[in-house]
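A.B. asks: Sending over a structure as structure tokens; questions will come in a sec.
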Amino acid sequence: MYSIRQEQMKEFIERNHVVTIKQLQLLFPEVSLMTIHRDLDALERNGSVVKFRGGAKSVRHAGDLEFNVRMHANNPGKNAIAQKALSLIQPHTSLFLDASTTNLALARVLPDINLNIFTTGPSIALELCRLHNPVVTVCCGTINRKNLAVSGQNTLQMLEKVNIDMAFVGVSGSSVEAGFTCGTESDMLVKQMVIHKARTSVIMCGRDKLSCLMPYTFATFSDVEYLISDEQLPLEYAEAAQRAGVTVL
532 MYSIRQEQMK
542 EFIERNHVVT
552 IKQLQLLFPE
562 VSLMTIHRDL
572 DALERNGSVV
582 KFRGGAKSVR
592 HAGDLEFNVR
602 MHANNPGKNA
612 IAQKALSLIQ
622 PHTSLFLDAS
632 TTNLALARVL
642 PDINLNIFTT
652 GPSIALELCR
662 LHNPVVTVCC
672 GTINRKNLAV
682 SGQNTLQMLE
692 KVNIDMAFVG
702 VSGSSVEAGF
712 TCGTESDMLV
722 KQMVIHKART
732 SVIMCGRDKL
742 SCLMPYTFAT
752 FSDVEYLISD
762 EQLPLEYAEA
772 AQRAGVTVL
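With our numbering applied, the sequence shown has no gaps in its numbers, which climb one by one up to 780 at the end.
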């Protein structure tokens, strides 16, 4: 019985890449929470999954996809989100753009107006070089070769001294229960700080990210002011946003 359930649990985690304990409880309602944790411990010991606080991920899923892979994923959706984001941007304000490919799409359509732009994405900074009026600052830190994002203690120290009017933050996955998630602890810390610092925080979440969940939650609905998606949100997301007072675009 145990081996059959553990095999089913392993297959479910591999299929979904990252899952929460709550999802596993719904999948196996006949067993206790303690039993689910014991099964996960057994799967982790044999190298099938990696446990983290509140869930587990497949060992085959090593976090965010590489930047060049994400560059070609859901481009129509990213472009739609970028166009909606433009309606929020006012001249003579300070913006933060994280290293997401959705923000790269935003950088490509950003008008040539007076802005102070801070970014943890070198690719985004290079794209913004086509403009003459914005002042563009690349945050210091250590670059992750996989997702081309800058992070680390130096990044956090720099952002601590920066005043941000509006932050545009991409996600790698999301759920109503877990909130907005990403693939690495270092990215989580940067996103958390930026959302805390910014006067207005904007989550950019394509419909394709609603069925995916990553290990690190960096924000919940109550932490942000806007949620931009490329399509109409499912009812449970729309209701969660309304309860938290989040404006959905």
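Glycine residues also receive a C-beta, built at the ideal position from the N, C-alpha and C atoms.
(1) Can you tell me where the alpha helix (DSSP H) with Lys-728 in it begins and where it stops?
(2) Pull up the CB-CB distance for Lys-541 and Leu-564, whole angstroms please, since I reckon it's below 8 Å.
(3) Quick one: give me the first and last residue of the beta strand (DSSP E) that Met-697 is part of.
(4) What residues match up with Thr-624 in a beta bridge as DSSP calls it?
(5) If Ala-613 and Ala-636 are in contact, beta carbons under 8 Å, what's the gap, nearest whole angstrom?
(6) Count the CB pairs spanning the segment 659-667 and the segment 684-704 that are closer than 8 Å, and state whether there are at least three.
(7) For Thr-731, which residues does DSSP report across the bridge?
(8) Within 10 Å of its beta-carbon, does Leu-557 have 16 or more other beta-carbons around it, so buried, or fewer, so exposed?
(9) In the DSSP output, which residue or residues are listed as bridge partners for Cys-713?
(10) DSSP state of Ser-682, grouped into three classes?
(11) On the premise that Tyr-757 lies in contact with Val-725, defined as a C-beta separation below 8 Å, what is that separation, rounded to the nearest angstrom?
(12) Does Ile-644 pass the burial test, meaning 16 or more other C-beta atoms within 10 Å, or should it be called exposed?
(13) Cβ of Glu-708 within 7 Å of Cβ of Lys-582?
(14) Can you tell which of Leu-679, Gln-684, Arg-661, Gly-710 has the C-alpha that lies nearest to the C-alpha of Gly-672?
(15) For the beta strand (DSSP E) containing Lys-615, name the first residue and the last one.
(16) According to DSSP, is Val-779 part of a helix, a strand, or is it coil?
(17) Would you mind reading off the limits of the beta strand (DSSP E) that contains Leu-758?
C.D. replies: Answer, in terms of the structure:
(1) 716-728
(2) Not a contact, Cβ separation roughly 18 Å.
(3) 697-701
(4) Leu-646
(5) 4 Å
(6) no
(7) Met-697
(8) exposed
(9) Tyr-747
(10) strand
(11) So it is not a contact: roughly 14 Å between Cβ atoms.
(12) exposed
(13) no
(14) Gln-684
(15) Premise fails: Lys-615 lies in the alpha helix (DSSP H), 606-617, not in any beta strand (DSSP E).
(16) strand
(17) 757-759
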